[in-house]
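Asks: Pasting a structure here, questions to come.
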DNA sequence: TCTGGGGTCCTAGGACCC
DNA sequence: TCTGGGGTCCTAGGACCC
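Numbering (this note's numbering), first residue to last: 219 to 671.
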């Protein structure tokens, strides 16, 4: 914990709904609910007028309509929210040299760090006050709640307590008095499952949690969770404000208006999701080794299957193919028994940064719109990579035949090597082997029956 | 018409290696 | 002779956050 309250947490008040009310004056002072308005939508944000009726974030829109039928129901307008968010983040960067954005409407700033070309803040409370006014001005009237405290966790709790449109400063000497009476459910990381374990043990307030025996807490919550919650409850939080974090995964998922029962359709949907993920990987210059498929059944049970390849990819065909294979490994009996498939998702993790290979030999036939293969950067140093294998028959996703191992398809190729995933037998997923790209046992093959998942 | 979409982190077991 | 121990990677599932 720092010696002064200089960690700032800013949270925009009912952000999406507030933007809608700003842009449409007839909605001001009225209940507004922003969220998915399809049959299976959930509430993203409810205005304070709607919260009076018990409408909450993450509630199904159907339930919200029951509770507050006269509210205005709107779907999200992300471009508008992004403009407002950028303006707010710019004000934060003008106040501090160290800003950690948590989401579109929330960020930490370390007021001990000077912004570019400006002196460090010497009165954090005054700076916070000024920041709130500037946020109001640059966004055309949106309000932010701000917490200022000697640590991240206390600052976040303080902004929550300050809501709406408030500022709360918690000085180091006041941390205990501030934390003690708060309900444990206020602490980030205490959700329904944790609460259900804490309540029977008589743990209701942060003070109760803080005074818990360490071993008891570990038995109740598991080691990592117990330790982090106890630290927060005891005001022991030295986590620094971190300006940038590397992405760990990229995923896309979709809940269907009606549950799917047709495996062919599921395969098509998985391809669409794979394409979405691959294009975002390429946009962000990322690639990953692990492909995961997620299936949510009508009964809400979830099954995931994943596969890790020896090389990273950002290729649509490769990811789509791996995803279809993984989908096929999810028991088809299960989904008819469970009443169909409600959601499908495709994710890629095990991410690595690309090195753009600028000394490339012309790759493939030249009209391939997306990446065929690129070299992966090592974790630390950026090292020039040898040219990519220009042989088009080994492009990712291509069907191949190997004299000994049978049918397969190319996961990745380059540097004179081809990595092939074979289709059989019985190994979910099929075995993977790497060959020299001039291996005489390896030849191109015709694509399989398109109806195969 | 109950329950989105994009993430992060943790756990636990098995494989594998030294 | 009843059979170590630690570390890492991978997979599946779950809790949680905004």
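We put the CB at the ideal spot given by N, CA and C, even for glycine.
Determine the contact status of residue 659 and residue 557, defining contact as a CB-CB distance below 9 Å.
Replies: Counting from one through the first chain, the residue named residue 659 turns up at place 441. Counting from one through the first chain, the residue named residue 557 turns up at place 339. Taking 9 Å as the Cβ cut-off, residue 659 and residue 557 do not qualify as a contacting pair.
Asks: Should residue 391 go down as buried or exposed, given a rule of 16 or more other Cβ atoms within 10 Å for buried?
Replies: By one-based count along the first chain, residue 391 stands at place 173. Residue 391 comes out exposed.
Asks: Exposed or buried, what is residue 549 when buried is set at 16 or more other beta-carbons lying within 10 Å of its beta-carbon?
Replies: For the purposes of this step, residue 549 is taken as residue 331 along the first chain, with counting starting at 1. That one is exposed.
Asks: Measure the alpha-carbon distance for residue 456 versus residue 320 and round it to whole angstroms.
Replies: In the first chain, counting from the first residue as 1, residue 456 sits at position 238. In the first chain, counting from the first residue as 1, residue 320 sits at position 102. Each residue's Cα considered, the two are about 17 Å apart.
Asks: Who are the Cβ neighbours of residue 612 in its own chain at under 6 Å, not counting the five residues just before and after it?
Replies: Sequence index remark: in the first chain, residue 612 carries index 394 (1-based). Excluding residues within five positions, the ones whose Cβ falls inside 6 Å are 628, 631, 636, 655.
Asks: What residue does the beta strand (DSSP E) around residue 571 start on, and which one ends it?
Replies: Position 353 of the first chain, counted from the start, is the residue given in the question as residue 571. Note, residue 571: beta strand (DSSP E), 559 to 571.
Asks: Are the CB atoms of residue 570 and residue 530 nearer to each other than 9 Å?
Replies: Position 352 of the first chain, counted from the first residue, corresponds to residue 570. Position 312 of the first chain, counted from the first residue, corresponds to residue 530. It is a contact, given that the beta carbons lie within the stated cut-off.
Asks: Would you mind giving the Cβ-Cβ distance between residue 372 and residue 393, rounded to the nearest angstrom? I have them listed as a contact below 8 Å.
Replies: Working through the first chain from its first residue, we reach residue 372 at position 154. Working through the first chain from its first residue, we reach residue 393 at position 175. Right, the Cβ-Cβ distance comes to about 6 Å (below 8 Å), so this counts as a contact.
Asks: Between which two residues does the alpha helix (DSSP H) holding residue 538 run?
Replies: Indexing the first chain from 1 puts residue 538 at position 320. Segment 534 to 547, the alpha helix (DSSP H) holding residue 538.
Asks: Does the stretch 231 to 248 come within contact of the stretch 354 to 372, defined as at least 3 CB pairs closer than 8 Å?
Replies: In short, these stretches touch, since the Cβ pair count reaches three.
Asks: Could you tell me which residues DSSP puts in a beta bridge with residue 362?
Replies: One-based indexing of the first chain puts residue 362 at position 144. Residue 362 is bridged to 230.
Asks: Quick check on residue 634: does DSSP put it in helix, strand or coil?
Replies: Along the first chain, one-based indexing puts residue 634 at 416. Coil, per DSSP.
Asks: Helix, strand or coil for residue 613? Go by DSSP, reduced to three states.
Replies: For this step, residue 613 is matched to residue 395 along the first chain. The answer is coil: DSSP assigns residue 613 none of H, G, I, E or B.
Asks: Looking at the structure shown, is residue 592 part of a helix, part of a strand, or coil, going by DSSP?
Replies: Working through the first chain from its first residue, we reach residue 592 at position 374. Residue confidence for residue 592 is low, a pLDDT of 45 falling below 50, so the modelled location carries little weight and cannot support an answer.
Asks: To the nearest angstrom, how far is it from the Cα of residue 290 to the Cα of residue 266?
Replies: Start at 1 with the first residue of the first chain, and residue 290 comes out as number 72. Start at 1 with the first residue of the first chain, and residue 266 comes out as number 48. C-alpha separation (whole angstroms): 13 Å.
Asks: For residue 539, I'd like the list of residues in its chain whose CB is within less than 7 Å of its CB, leaving aside the five on either flank, ordered along the chain.
Replies: Residue mapping note: residue 539 aligns to position 321 of the first chain, counting from 1. Closer than 7 Å at the Cβ level, and outside the excluded window around residue 539, lie 615, 627.
Asks: Go through its chain and collect everything with a Cβ distance to residue 316's Cβ below 7 Å, but skip five positions before and after it.
Replies: Taking the first chain and counting its residues from 1, the one referred to as residue 316 is at position 98. Here the set comprises 327, 328, 331, 459, 461.
Asks: In the DSSP output, which residue or residues are listed as bridge partners for residue 619?
Replies: Counting from 1 along the first chain, the entry for residue 619 is found at position 401. Looking at the DSSP assignment, residue 619 forms a beta bridge with 625, 661.
Asks: Would the stretch 402 to 416 and the stretch 444 to 453 be scored as touching if the rule is three or more Cβ pairs under 8 Å?
Replies: Yes: at least three Cβ pairs fall under 8 Å.
Asks: Roughly how many whole angstroms lie between the Cα atoms of residue 575 and residue 474?
Replies: Counting from 1 along the first chain, the entry for residue 575 is found at position 357. Counting from 1 along the first chain, the entry for residue 474 is found at position 256. With a pLDDT of 43 at residue 575, under the threshold of 50, the predicted position of this residue should be treated as unreliable, and no value is reported.
Asks: How far does the alpha helix (DSSP H) with residue 299 in it extend, from its first residue to its last?
Replies: Along the first chain, one-based indexing puts residue 299 at 81. Its alpha helix (DSSP H) spans residues 296 to 313.
Asks: Quick one: which unbroken beta strand (DSSP E) runs of 3-plus residues sit fully inside the stretch 329 to 405? Chain order, please.
Replies: Runs found: 362 to 367, 385 to 387.
Asks: If I'm right that residue 225 touches residue 370 with Cβ under 8 Å, what's the distance once you round it to whole angstroms?
Replies: Start at 1 with the first residue of the first chain, and residue 225 comes out as number 7. Start at 1 with the first residue of the first chain, and residue 370 comes out as number 152. So it is a contact: roughly 6 Å between Cβ atoms.
Asks: Between 439, 398, 431, 440, which has its C-alpha nearest residue 422's C-alpha?
Replies: Numbered from 1 along the first chain, position 204 holds the residue referred to as residue 422. The option with the nearest alpha carbon to residue 422 is 398.
Asks: DSSP on residue 485, reduced to helix/strand/coil?
Replies: As a first step, residue 485 must be located in the first chain, where it is residue number 267. Residue 485: helix per DSSP, three-state reduction.
Asks: Which residues in the same chain have their Cβ closer than 7 Å to the Cβ of residue 325, if we skip the five residues on either side of it in sequence?
Replies: Along the first chain, one-based indexing puts residue 325 at 107. Correct list, in chain order: 228, 307, 310, 317, 318, 319.
Asks: Kindly indicate which residue of 258, 269, 525, 433 has the alpha-carbon position closest to the one of residue 248.
Replies: By 1-based counting over the first chain, the position of residue 248 is 30. Per the Cα distances, 269.
Asks: According to the neighbour-count rule (16 or more other Cβ atoms, all chains shown, within 10 Å of its Cβ), is residue 342 buried or exposed?
Replies: Locating residue 342 in the first chain gives position 124, counting from the first residue. By the neighbour-count rule (16 or more Cβ atoms within 10 Å), residue 342 is buried.
Asks: Can you give the beta carbon distance from residue 223 to residue 388, rounded, assuming they're within the 8 Å contact cut?
Replies: Position 5 of the first chain, counted from the start, is the residue given in the question as residue 223. Position 170 of the first chain, counted from the start, is the residue given in the question as residue 388. Indeed, because the Cβ distance is near 6 Å, the residues count as touching under 8 Å.
Asks: Restricting to Cα atoms, I'd like to know which of 516, 566, 561 is closest to residue 525.
Replies: Numbered from 1 along the first chain, position 307 holds the residue referred to as residue 525. That would be 566, whose Cα lies nearest to the Cα of residue 525.
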